[in-house]
Amino acid sequence: MSNKPTRAEIRNPATHYGATKASTRHFLTQRVTGALNIVFTLFLAWLVVSLAGADAAGKLALVRAPLVALTLALLLVVVAIHMRNGMRDVIEDYVDGAANRLALIANTAFTVSVAVVALGALAKIVFWG
């Protein structure tokens, strides 16, 4: 009898992580959204400084400006994607078993709900004051 392991006994750690295409997409998405967040941080700094001395009507007018509103909407979407991917990394590293799948679903549901509420609030400000 041979001590040579069978094919079923050989473990391949790469199969645990899924297809390489998905891993590459996840990696690139995390890096691109991180870089965009740097740009959006500069935009937010400008926005806070611009809103600092304005009255309520001036603040509303600035946020309702099409370019500012569109940039804020993009910021909300990019931050939500970055948040979901970042928490996905943490969940995959520290949560095992059936709880992993449940935590990933909860992470996606929470991220989508936060993004929808934030975009809804922005839409209310932009369209209805």
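The sequence shown lines up with residues 572 to 700 when you count with this note's numbering.
Glycine residues also receive a C-beta, built at the ideal position from the N, C-alpha and C atoms.
Membership of V634 in the alpha helix (DSSP H) is indicated by the continuous run 627-635. For G624, there is no enclosing alpha helix (DSSP H), as DSSP marks it with neither H nor E. Shown here, D660 sits in a helix according to DSSP, grouped into three states. For G668, there is no enclosing alpha helix (DSSP H), as DSSP gives it neither H nor E.
Taking 8 Å as the cut-off, the Cβ atoms of T600 and I676 do not count as close. Here the C-alpha atom of M658 lies approximately 27 Å from the C-alpha atom of A640.
Secondary structure at G691: helix, using DSSP grouped into helix, strand and coil. Residue burial is scored here from C-beta neighbours: T679 has fewer than 16 other C-beta atoms within 10 angstroms and is therefore classed as exposed.
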